[in-house]
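Student: Residue numbers (my numbering), protein chains in the order written: chain A, 1 to 123; chain B, 1 to 538.
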């Protein structure tokens with residue numbers, strides 16, 4: 001299992017051809033208390049960089065972009081009742097959706113944890 | 001000391017001077033003029049028996065079968081209060097609220113804060129107030145003349161060729177402008193797909209473009225908070241229908257490259273929409289038509305002082321360039337060859353407005369706002385309107401320069417601001433937030449400023465004083481903001497739980513959004529038995 005990060009503050013944890021996607025701890029901290037998560041539909045196909053989900057917080061509504069192309073296979077339905085899971089555990093229980101990757105080579109353009117940390121420091 | 005009531009005069013009633021502790025409870029729950037008030041349904045429950053402020057007719061014994069099936073099976077749960085109780089209920093609630101007639105509204109907004117009383121007097125003249133849009137045209141020539149004259153002022157102030165008067169508010173005006181752009185592009189057989197929207201635009205701009213069927217693409221802002229001209233130029237092409245630019249923008253800055261932006265967009269075959277919500281900062285100083293703008297809405301409820309938010313409908317006329325004028329929506333006022341004013345409607349469309357894209361509203365717009373806006377223009381005159389812009393900008397800059405040493409002002413070095421001053425939370429210590437400053441302002445007796453918008457600035461605090469605040473009023477606000485910033489920097493933890501003196505303490509906004517309770521339910525037990533209003537006979 002390998003975790004990758006995007007400049008838009010999403011993470012994707014990949015095992016085989018399945019990825020789990022969420023927003024980073026930094027992103028949840030910037031957004032403040034999250035009040036609602038609009039999840040994508042299971043079975044829908046998206047291209048890398050498409051807006052697939054919206055995270056509402058007390059401050060703003062923010063699009064979540066998928067880091068890779070693929071088909072959504074599962075969404076975190078716990079977030080419907082408990083959007084605060086994203087605040088409490090953004091990179092764990094607060095995951096948003098699972099995706100079957102259609103092109104694993106897209107992962108090469110993403111950051112690893114160290115690169116993302118360096119990226120955050122540069123902001 | 002910068003306080004009100006410096007003389008210290010108080011209406012003392014006697015010599016006895018035994019002070020009650022500040023938090024001493026009262027039996028009623030009210031504290032002198034600080035009034036508590038239950039929900040209207042709780043009032044009903046507290047009073048027990050049902051009552052009704054009016055007498056209803058008895059229900060007819062026999063209802064026609066068609067209606068009888070809709071008859072209620074049980075009584076309606078109305079609050080059932082007498083008239084004085086109802087009046088007091090809402091008056092008491094209103095006293096827990098903040099209002100434009102109580103003090104400054106520092107919100108950066110697309111809405112005016114003071115509505116001159118002269119506007120109200122004119123709008124209430126029976127010749128304007130008591131007419132109907134379907135009256136014979138010859139009986140409402142005066143009202144049509146108001147529309148014509150207001151349209152003339154708007155076109156002259158903006159140097160544009162036409163104006164659509166019917167849009168009901170800013171975003172409705174945006175849609176009108178974009179639909180006119182779409183009609184013009186389609187008329188030349190060049191339907192395009194994308195509208196470019198810079199980061200510094202109003203949030204409604206991308207929503208409007210999407211609603212009109214266009215794809216929306218973002219254009220980044222430069223470090224000084226303005227549209228990145230080079231990034232915009234790089235994106236222009238045969239698929240770009242146009243741009244939507246808010247000028248002055250939501251960072252409170254004038255887009256200095258506006259003419260270059262328009263030229264580039266036009267050269268690429270696109271059209272330019274300008275969000276004119278903040279026109280009050282440039283009215284009488286800049287004519288958007290001179291900057292190459294093709295369509296721009298004007299918030300009469302901001303630049304021209306008509307009530308909104310504080311209690312009135314918006315009104316968002318859209319001025320159009322010569323290129324877009326033929327596509328303006330119906331209806332509009334036009335003089336016939338005998339000099340009579342006529343409303344060009346559907347029936348006249350084939351002859352008089354063959355390229356009109358259609359209609360934005362049932363009738364010709366917000367007549368009540370037209371009379372108010374024209375009253376404002378005529379009472380100020382051209383020179384007075386120019387002074388409006390100068391004073392609005394001066395007031396915002398006074399706030400910006402008076403606070404930039406205690407709060408981070410990200411674009412302070414980019415030159416003077418326009419209608420609003422923008423601060424960030426960068427100078428606040430760890431743990432102190434923009435929200436704490438905003439809540440502290442409530443204790444200071446002010447409505448908070450706009451917070452966390454625009455998104456391009458971290459922990460944004462956006463302050464718009466408008467032209468109607470006096471220097472003394474601005475100084476009071478600045479004094480409060482300085483005090484709050486200094487308390488935050490000193491780590492004053494009491495700010496974290498502000499407001500302390502408001503009718504309600506700090507709300508749990510996250511819980512309110514996550515688990516909103518939107519309907520009242522009677523608590524169980526006899527005390528909560530609804531006391532219903534008896535509707536009709538037995």
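Heads up, the beta-carbon is just placed ideally off N, CA and C, and yes, glycines get one too.
No experiment lies behind these values; they were computed from the predicted model shown.
State the beta-bridge partners of residue 45/A as determined by DSSP.
Tutor: 71/A
Student: Tell me residue 61/A's beta-bridge partners as DSSP assigns them.
Tutor: Under DSSP, residue 61/A takes part in a beta bridge, and its partners are 56/A.
Student: If you draw a straight line from the alpha carbon of residue 198/B to that of residue 281/B, how long is it in whole angstroms?
Tutor: 20 angstroms
Student: Run through chain A and tell me which residues come within less than 8 angstroms of residue 455/B, C-beta to C-beta.
Tutor: 60
Student: Quick check on residue 123/A: buried or exposed, where buried means 16 or more other Cβ atoms within 10 Å of its Cβ?
Tutor: So residue 123/A counts as exposed.
Student: In the DSSP assignment, find the unbroken beta strand (DSSP E) run with residue 332/B in it and report its ends.
Tutor: 332-335
Student: List the residues that DSSP assigns as beta-bridge partners of residue 5/A.
Tutor: 11/A, 111/A
Student: Are the beta-carbon atoms belonging to residue 376/B and residue 119/B less than 8 angstroms from one another?
Tutor: yes
Student: Using the rule of at least 16 other Cβ atoms within 10 Å of the residue's Cβ for burial, across every protein chain shown, is residue 278/B buried or exposed?
Tutor: buried
Student: Residue 410/B to residue 402/B, Cα distance in whole Å?
Tutor: 14 angstroms
Student: Using the C-alpha atoms, what's the distance from residue 521/B back to residue 528/B?
Tutor: Any reading at residue 528/B is ruled out, since the residue's pLDDT is 46, under 50, leaving its predicted position unreliable.
Student: In chain order, what are the residue ranges of uninterrupted alpha helix (DSSP H) at least 4 long that sit wholly in the region 122-166 of chain B?
Tutor: 126-129, 141-158
Student: Taking beta-carbon pairs under 8 angstroms, can you tell me which members of the region 507-522 of chain B lie near chain A?
Tutor: Residues 509, 510, 513, 514.
Student: Give, in chain order, every residue of the region 72-95 of chain A whose Cβ lies closer than 8 angstroms to some Cβ of chain B.
Tutor: 83, 84
Student: Can you name the residues of chain A whose CB is closer than 9 angstroms to the CB of residue 214/B?
Tutor: Ordered by position in chain A, no residue passes the 9 angstroms Cβ test against residue 214/B, which lies about 16 angstroms from the chain.
Student: Within 10 angstroms of its Cβ, does residue 154/B collect 16 or more other Cβ (buried), or is it exposed?
Tutor: buried
Student: In the region 32-51 of chain A, which residues sit with their C-beta less than 9 angstroms from some C-beta in chain B, listed in chain order?
Tutor: 32, 33, 34, 35, 36
Student: Short check: CB of residue 506/B to CB of residue 497/B, under 8 angstroms?
Tutor: yes
Student: Step through the CB atoms of chain A and report whether any lies within less than 8 angstroms of the CB of residue 452/B.
Tutor: Using a CB distance cut-off of 8 angstroms, residue 452/B counts as an interface residue toward chain A.
Student: How far does the beta strand (DSSP E) with residue 244/B in it reach, from first residue to last?
Tutor: 240-246
Student: Within the same chain, show all residues whose beta-carbon is closer than 8 angstroms to that of residue 323/B, passing over the 5 residues directly before and after it, in chain order.
Tutor: 184, 271, 294
Student: Measure the beta-carbon distance from residue 9/A to residue 20/A and round it to whole angstroms, keeping in mind my assumption that it falls under 8 angstroms.
Tutor: Not a contact, Cβ separation roughly 16 angstroms.
Student: What residues match up with residue 273/B in a beta bridge as DSSP calls it?
Tutor: 244/B, 295/B
Student: Can you look up residue 315/B in the DSSP assignment and give me helix, strand or coil?
Tutor: coil
Student: Taking DSSP as the reference, what is the three-state secondary structure of residue 87/B?
Tutor: helix
Student: Does the distance from the C-beta atom of residue 261/B to that of residue 227/B stay below 8 angstroms?
Tutor: Their beta carbons are under 8 angstroms apart, which means residue 261/B touches residue 227/B by this criterion.
Student: What separation, rounded to the nearest whole angstrom, lies between the Cα atoms of residue 509/B and residue 128/B?
Tutor: Using only the alpha carbons, I get a separation of about 44 angstroms.
Student: Given this structure, state the Cα-to-Cα distance separating residue 2/A from residue 84/A, to the nearest angstrom.
Tutor: 25 angstroms
Student: Using only alpha-carbon positions, find the residue among 491/B, 161/B, 265/B that is nearest to residue 432/B.
Tutor: The candidate whose alpha carbon is nearest that of residue 432/B is 491/B.
Student: Quick one, are the C-beta atoms of residue 251/B and residue 422/B less than 8 angstroms apart?
Tutor: Yes.
Student: Based on the DSSP secondary-structure assignment, which residues constitute the bridge partners of residue 423/B?
Tutor: 461/B
Student: Does DSSP classify residue 517/B as helix, strand or coil?
Tutor: coil
Student: Quickly, what does DSSP pair residue 51/A with across the bridge? List them, please.
Tutor: 65/A.
Student: Could you give the DSSP three-state label for residue 350/B: helix, strand or coil?
Tutor: In the three-state scheme derived from DSSP, where H, G and I count as helix and E and B as strand, residue 350/B is classed as helix.
Student: Going by CA-CA distance only, name the one from 57/B, 88/B, 95/B that's closest to residue 34/B.
Tutor: 95/B
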